[in-house]
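Trainee:
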Amino acid sequence: MRLILAATVLVDHAFYLGGFARFELGGASTPGTLAVYGFFGISGYLITGSALRSAPGSFLRHRFLRIFPGFWAALAVTAFAIAPLAFLLRADSTDCRLGCFFSSENGPVEYVWRNAALWIFQPSISGTPANTYLPDVWNGSLWTLSFEFGAYLIVLGLALVGLLRRRRAILALTGALWLTLIWATVLPVSNTTINFFSQPVLAPAMMLLPIFFAGATLRLYRDRIPDSAALAAASLGAAVVVMMMPIGASAPGLSLTSGGIAGPLLVYPVLWLGAHLRETRIGRRNDYSYGVYVYAFPVTQFLAILGLTSIGWPVFVAATMGLTGLLAVASWKLIERPAMGARSQRLFSRASTPARRASPVPGRRGPAPTRSSP
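Position 149 of the sequence shown, counted from 1, bears residue number 176 in the working numbering, the numbering being contiguous throughout.
1. In angstroms with no decimal places, state the Cα-to-Cα distance between residue 33 and residue 171.
2. What's the call for residue 91, buried or exposed, on a 16-neighbour Cβ count within 10 Å?
3. Around the Cβ of residue 128, are there at least 16 other Cβ atoms within 10 angstroms (buried) or fewer (exposed)?
4. For residue 183 and residue 87, which I take to be in contact (beta-carbon distance under 8 Å), what is that distance rounded to the nearest angstrom?
5. Is the segment 250-259 close to the segment 165-180, with three or more CB pairs under 8 Å?
6. Pull up the CB-CB distance for residue 201 and residue 159, whole angstroms please, since I reckon it's below 8 Å.
7. Just to confirm the assignment, what range does the alpha helix (DSSP H) spanning residue 297 have?
8. May I ask you to report which of helix, strand or coil DSSP gives residue 217?
9. Can you check whether the CB of residue 283 is closer than 8 Å to the CB of residue 233?
10. What residue ranges within the segment 325-378 form continuous alpha helix (DSSP H) runs of no fewer than 4 residues, ordered along the chain?
11. Measure how close the beta-carbons of residue 116 and residue 332 come, nearest whole angstrom, since I'm counting them as under 8 Å.
12. Between which two residues does the alpha helix (DSSP H) holding residue 129 run?
13. Give the range of the alpha helix (DSSP H) segment to which residue 39 is assigned.
14. Count the other CB atoms, across all protein chains shown, that sit within 10 Å of the CB of residue 135; report buried if there are 16 or more and exposed otherwise.
15. Please list the segments of the beta strand (DSSP E) lying wholly inside the segment 176-222, counting only runs of 3 or more residues, in order along the chain.
16. Distance check for residue 188 and residue 230, CA to CA, integer angstroms please.
17. Does the segment 233-242 come close enough to the segment 203-217 that 3 or more CB-CB pairs lie under 8 Å?
18. Residues in its own chain within less than 7 Å of residue 328 by CB, not counting five upstream and five downstream?
19. Give a yes or no on whether the C-beta atoms belonging to residue 287 and residue 212 are separated by under 8 Å.
20. Whose CA, out of 109, 251, 95, lies closest to the CA of residue 437?
21. For residue 362, tell me which candidate among 97, 50, 125, 89 has the shortest Cα-Cα distance.
22. Compute the beta-carbon to beta-carbon distance between residue 106 and residue 152, rounded to the nearest angstrom, for a pair I have assumed lies under 8 Å.
23. Span of the alpha helix (DSSP H) holding residue 147?
24. Are the beta-carbon atoms of residue 178 and residue 70 separated by less than 8 Å?
25. Taking only three categories from DSSP, how would you classify residue 16?
26. Return the residue from the list 180, 67, 139, 174 that minimises the CA-CA distance to residue 84.
27. Where residue 347 and residue 94 are concerned, what is the direct C-alpha to C-alpha distance, given to the nearest angstrom?
28. Check each candidate in 349, 303, 291 and name the one with the smallest Cα separation from residue 65.
29. Checking the sheet assignment: what are the DSSP bridge partners for residue 275?
30. For residue 82, which of helix, strand or coil comes out of DSSP?
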């Protein structure tokens with residue numbers, strides 16, 4: 028399921044960065060935005076389960092090893108492979124070539140160093156990418172990872188003080204977060220002032236944390252929640268209705284909108300679908316979703332610089348998927364899986380978190396996504 032969500036983000040960004048189309052759904056949301064919501068819902072479900080069965084030190088170590096090595100590798104590949112090639116393709120790079128690229132005050136070393144703690148302080152590298160539909164941003168997907176890891180730390184804190192096992196407390200927390208988001212979105216004075224530019228921490232946290240903790244709540248109440256296609260359809264229908272409400276601001280993904288309010292309603296359908304999708308051999312043994320997520324954006328930018336957008340969107344999207352897929356496979360086999368180590372692989376193996384085993388159905392184990400969250 029996570030690979031499907033990552034591919035959705037890839038395709039959405041490819042159409043946008045290639046200048047082909049901008050798919051806006053209800054509530055000023057895009058398919059990529061909704062896929063990110065799905066990621067956070069799955070993470071809330073699985074990470075809560077991990078925290079409940081792990082010692083604090085083990086939990087933090089596993090979470091660190093799942094996020095940071097692959098993230099650092101993506102920064103390095105972008106800085107020292109993709110961006111230099113893009114720089115050489117610039118018309119104004121012929122005089123000093125790569126010397127200017129590496130000596131810039133916003134060069135590749137600075138890009139890796141300044142962004143290494145997950146917060147993206149430097150989005151561009153030595154003036155690249157340039158002449159693209161979205162210039163000066165190499166990886167517009169990475170911003171979510173700081174909030175993902177922040178949610179992990181909140182879960183760890185709740186576990187340390189003993190609240191994570193008190194499901195009524197987590198239900199109350201989820202409700203409070205969601206009501207706060209609804210209030211801020213409906214109120215005109217807040218939905219026009221709370222956005223990713225004026226409030227780069229508060230705005231995305233208000234949008235993403237209710238979704239994450241909706242997943243956590245479903246994990247804690249899994250013994251009382253039925254495995255129901257009808258419930259999944261009803262929840263999805265309610266989300267669509269909410270998304271169509273004319274409330275909130277109008278900037279997709281950057282401001283508080285009705286699409287954000289609908290986010291928690293999408294969690295159960297995503298979990299249910301993940302539980303009932305047939306898992307492929309690739310999905311059972313490998314998790315390429317993280318690699319797809321962290322490499323798709325720079326690959327898309329690079330192919331746009333190469334001029335592949337002129338061939339048309341089918342070739343451009345296919346090329347983006349192919350090159351991103353190769354990098355994702357390399358990331359999993361060379362970086363992510365070795366970093367997680369044998370013990371982490373057992374934690375995230377099918378034996379410990381299969382779809383049916385993680386289910387909220389009484390007397391039966393069913394819906395949960397088939398792969399662990401990064």
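Think of the CB as a built atom: it goes at the ideal place given N, C-alpha and C, for glycine as much as any other residue.
Mentor: Considering the structure as presented:
1. Near 13 Å, if we compare the C-alpha coordinates of residue 171 and residue 33.
2. Burial call: exposed.
3. Residue environment for residue 128: buried (at least 16 other C-beta atoms within 10 angstroms of its C-beta).
4. Approximately 6 Å separates the beta-carbon atoms of residue 183 and residue 87; this is inside 8 Å, confirming the contact.
5. Per the Cβ contact rule, the segment 250-259 is not in contact with the segment 165-180 (fewer than 3 Cβ pairs under 8 Å).
6. Going by Cβ atoms, the distance from residue 201 to residue 159 rounds to 39 Å, so no, they are not a contact pair.
7. Residue 297 -> alpha helix (DSSP H) spans 294-303.
8. Residue state for residue 217 is assigned as helix, using DSSP reduced to three classes.
9. Residue 283 sits close to residue 233, with the two beta carbons spaced by under 8 Å.
10. If only complete runs of 4 or more residues are kept, the segment 325-378 shows the alpha helix (DSSP H) at 340-358, 364-374, in order along the chain.
11. Yes, they are in contact, since the Cβ atoms of residue 116 and residue 332 sit about 6 Å apart, within 8 Å.
12. Its alpha helix (DSSP H) spans residues 124-130.
13. Residues 29-44.
14. Burial call: buried.
15. Whole beta strand (DSSP E) segments, 3+ residues: zero.
16. For residue 230 and residue 188, the distance between alpha carbons rounds to 27 Å.
17. They touch, by the three-pair rule.
18. The answer, listed in chain order, is 44, 156, 159, 165.
19. Against a cut-off of 8 Å, the Cβ pair of residue 212 and residue 287 comes out as a contact.
20. Because the chain in this structure spans residues 28 to 401, residue 437 falls outside the shown range and cannot be described.
21. Check the Cα spacing between residue 362 and each of 97, 50, 125, 89: the tightest is with 97.
22. The Cβ separation is near 6 Å, so the contact holds.
23. That residue, residue 147, is in no alpha helix (DSSP H); it is neither H nor E in DSSP.
24. Residue 178 places its beta carbon less than 8 Å from that of residue 70.
25. Residue 16 is absent from the structure shown; the chain starts at 28 and stops at 401.
26. The shortest CA-to-CA distance from residue 84 to any of 180, 67, 139, 174 is the one to 180.
27. Taking the straight line from one Cα to the other gives about 23 Å.
28. Looking at the Cα atoms, 291 is the closest of the given residues.
29. Here residue 275 is bridged, per DSSP, to 284.
30. DSSP places residue 82 in coil when its eight states are reduced to three.
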